[in-house]
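These notes concern the structure reproduced below.
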Amino acid sequence: AKKTRITHLHSILRPFMLRRLKSEVAKGLPPKTETLLMVGMSKMQKQLYKRLLLRDIEAITGKNTNSGKTAILNIVMQLR
Numbered sequence: 162a163k164k165t166r167i168t169h170l171h172s173i174l175r176p177f178m179l180r181r182l183k184s185e186v187a188k189g190l191p192p193k194t195e196t197l198l199m200v201g202m203s204k205m206q207k208q209l210y211k212r213l214l215l216r217d218i219e220a221i222t223g224k225n226t227n228s229g230k231t232a233i234l235n236i237v238m239q240l241r
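With our numbering as the guide, the letters of the sequence shown map in order to residues 162 to 241.
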């Protein structure tokens, strides 16, 4: 009884469901190309960068080994 109900619901919902494979979608698109363009930092960016690095200088130099790894990871995330 439960299986027949499920198959009945599937037959009702099938026209409204869109199911495609990744290989079937957008075959005509060209492959993705990336262009890397290196640009220097502005004056404000340099100041912020320096401030972030100097804020946790102990973590960078290795003087505070207890939370050093976590602090370095936090700095890296903020610099992104």
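Beta carbons: idealized from backbone N, C-alpha and C, even for Gly.
Helix, strand or coil: which one does DSSP assign to residue i?
| i | result |
| --- | --- |
| proline 191 | coil |
| leucine 198 | coil |
| leucine 209 | helix |
| alanine 232 | helix |
| valine 186 | coil |
| serine 172 | helix |
| leucine 214 | helix |
| arginine 166 | helix |
| methionine 178 | coil |
Between residue i and residue j, is the Cβ-Cβ spacing less than 7 Å?
| i | j | result |
| --- | --- | --- |
| glutamine 239 | leucine 213 | yes |
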